[in-house]
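Residue numbering for the sequence shown follows my numbering, beginning at 30 and increasing consecutively. Here a beta-carbon is modelled for each residue, glycine too, at the ideal position from N, C-alpha and C. Working notes, structure below.
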Amino acid sequence: MNILGINAYHGNASAAVVCDGTLVAAVEEERFNRVKYAAGFPAQAIAYCLREAGLKLEEIDHVAVPRNPYARLGTKLFYALRMPSFARGRAKVLARFTGIKEALAKAFDSDPARISAQFHRIEHHQAHLASAFFVSPFESSALLSADGLGDFASTMWGTGRGNRMQIADAIAFPHSLGLYYTAVTQYLGFLKFGDEYKVMGLAAYGEPERLEAFRDIVRFDPNGSSTGFRLGLGYFVHHRSGPEMSWAEADKTPTLGKLFSSKMAERLGPTRRPEEPLEQRHRNLAASLQARLEEVYLGMLRKLAEHSGLKSVCLAGGVAFNCVANGKIFDCTPFDNVYVQPAAGDAGLAVGAAYYVWHQKLKKARSFVMEHAYWGPGFTAQGIRGAIGASGVGREGCSVAELPEEELTRRAAAIIADGKILGWFQGRAEWGPRALGNRSIVADPRRADMKDILNRRIKHREIFRPFAPSILAEATGEWFEKSHPSPFMTLAYAVRADKRSQIPAPTHVDGTGRLQTVTREANPRYWRLIKAFQELTGVPVVLNTSFNDNEPIVCRPEEALDCFLRTRMDALVMGDFLITRNT
Ligand SMILES: [Fe+2]
């Protein structure tokens, strides 16, 4: 039985195909249309998923769409009456949703009458929860989804047992941890969609000296009977004007209107304009924002653990990307196990909706665990060779060698140990926003100046943003304070004090690292590369950053070659080929 999950007309448009309970392919539309966080209809992502599964559109039995316009209808009507412009915007989106079958038929040059699949609408947060629990290794688990807003809710929690999820409760619009984080991100002068993680990085440079004010902005009783929180609505405007989101167009990055009111500046001081310098006051505000997020998030998780009596938790929604907060779960809650799948944000809804249909609706038994993130497009050796030939790297003063794996990883490790910057392109592309060793740029973690070198030569990012380490999974406990697996870079742990000076480049200013634990099973070739680096240097860690330069992560060999030639990367490994600059 074949199920197609589609996240359409929403940020991070994506598609996934599940065949007889096994995930076959999953990918974001941005990897194809090269528009970061692309919304719209993910026609290319769907086409790829079908191709990978060897299926025609007519062979799909179920189509799962992670939106249910009938969820929280009463709340929607209440706000629609108060905000007519918001209501009109929602109606437009709804009209697009009702036309998903037609959009599919049009994208595949087919007739809607020939699509025999049954269509399912799955509520946004139930799809988020399903995206984590149903692909997790846990038989039973507590579940929490938290984001900005989806189907008029921002937060949902419950429990999962076997092939069933039980929803305990949800928090409806306008109260939202995601919108809280976005509002303060905007206030601090970071206005682009997806900028929240920059502010999370900035928080490590400050002190949470304004925590009291932030406790008024998000209200939560750690000892109360309610699991939920409330926003101090005076600091916000979205409940009066509606959150202005534009995410219908596939060729544009979504935008979000201003969320905070003048009371925010009255309480916290003047807003920062994007071009203004970052001062210590801003860093302290970022630290206070993060500290309050952690208090509420971890407080909710503590209550969830107590109420459920379970030791494992599955997390999803954009807030689940807060790796700093996730890393504190082991010390601050009774949970011993955490699972966050790599596309914890809205892209993951495609997988979640599909699995919701398979388990919750069709009542099929669990049989699949997402143990790696490599569900996107892969390319044959012939395709890579052709792309190298067509790129003209030879004319650009580069040498190309095709090497057996052992020599390839040994030479690549030597290049890294020599302080050079290496592009690393292997196998199928990662699902989710993190490069996890298949579309990565890899560098020496031992050099304190590597962060500046990478920023100057390739990444051009804000200087306060950290780079991440990839570590051999078996060495995790030796180098970090925690050893719980973090295969998808969704947890940050403190680097052991005696190791910090050995890996300064991917150690953040607060001594933590957003690590990827690499197992031989999940990614044998990347594991061998790090192993070869360890044999040369004694350090089982490499710095790993995504293979891109202010664009979606490269997907095809052509994009990797283009990025390599455009930036000042020293070498590039693609499949079995090693490309080095001669000068
Ligand atoms: Fe969401």
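DSSP, reduced to helix, strand and coil, places residue 186 within a strand of the structure shown.
Residue burial annotation: residue 99 is exposed, with fewer than 16 other C-beta atoms found within 10 angstroms of its C-beta.
Checking the DSSP bridge columns, you'll see residue 603 partnered with 454 and 606. For residue 539, the closest alpha carbon among the candidates 189, 106, 230 and 207 is that of 230.
Judged by DSSP secondary structure, residue 507 falls within the alpha helix (DSSP H) whose first and last residues are 505 to 508. In this structure, DSSP gives residue 77 a helical state, which the three-state scheme calls helix.
Residue range 43 to 48 is occupied by the beta strand (DSSP E) that includes residue 48, with no alpha helix (DSSP H) assigned at that position. When DSSP assignments are scanned along the stretch 307 to 365, the uninterrupted stretches of alpha helix (DSSP H) that are 4 or more residues long and fall wholly within it turn out to be 309 to 337, 352 to 356 and 358 to 361. Sorting 559, 608 and 492 by C-alpha distance to the C-alpha of residue 438 places 559 at the top. Annotation: residue 285 to residue 258 spans about 23 Å, alpha carbon to alpha carbon.
Put simply, the backbone Cα of residue 416 is about 6 Å away from that of residue 586. Judged by beta-carbon spacing, residue 93 lies within the 9 Å limit of residue 151, meaning their Cβ atoms are closer than that value. DSSP places residue 282 in the coil class of the three-state scheme, outside both helix and strand. In this structure, DSSP gives residue 442 a helical state, which the three-state scheme calls helix. By a beta-carbon distance limit of 8 Å, residue 208 contacts residue 177. Their separation comes to about 5 Å. Around the CB of residue 165, 16 or more other CB atoms lie within 10 Å, so the residue is classed as buried. Here residue 72 is near residue 58, since their CB atoms are less than 9 Å apart. With the rule of 3 Cβ pairs closer than 8 Å, the stretch 74 to 91 counts as touching the stretch 128 to 144. Here the distance from the Cβ of residue 378 to the nearest heavy atom of ligand 1 is below 8 Å.
With a beta-carbon spacing of about 6 Å, residue 476 and residue 534 fall inside the 8 Å limit used to define contacts. At a cut-off of 8 Å, the beta-carbon of residue 204 does not count as near ligand 1: no heavy atom of the ligand is closer than that. According to the DSSP assignment, residue 195 belongs to the beta strand (DSSP E) that extends over 193 to 201.
Rounded to whole angstroms, the Cβ separation of residue 160 and residue 381 is 3 Å, and the two are in contact under 8 Å. For residue 149, the enclosing beta strand (DSSP E) begins and ends at 147 to 150. For residue 346, the shortest separation between its Cβ and any heavy atom of ligand 1 lies below 8 Å. The three-state secondary structure of residue 498, taken from DSSP, is strand.
One thing to note: residue 328 has its Cβ no nearer than 9 Å to the Cβ of residue 347. A Cβ-Cβ separation of about 7 Å places residue 206 in contact with residue 184 under the 8 Å criterion. Between residue 139 and the set 76, 175 and 174, the nearest pair of CA atoms involves 76. Residue pairing by DSSP places residue 545 opposite 499 in a beta bridge. Going by DSSP, residue 245 is part of the alpha helix (DSSP H) stretching over 240 to 246. In its chain, beyond the 5 residues on either side, 472, 473, 534 and 572 have a beta carbon closer than 7 Å to the beta carbon of residue 479. Per DSSP, the continuous beta strand (DSSP E) segment holding residue 91 begins and ends at 91 to 94.
Around residue 296, the same chain offers 242 as residues with beta carbons nearer than 6 Å, after the five sequence neighbours per side are excluded. For residue 157, the shortest separation between its Cβ and any heavy atom of ligand 1 lies below 8 Å.
Contact check between the stretch 313 to 333 and the stretch 130 to 138: fewer than three CB pairs, one atom from each, fall below 8 Å, which does not count as touching.
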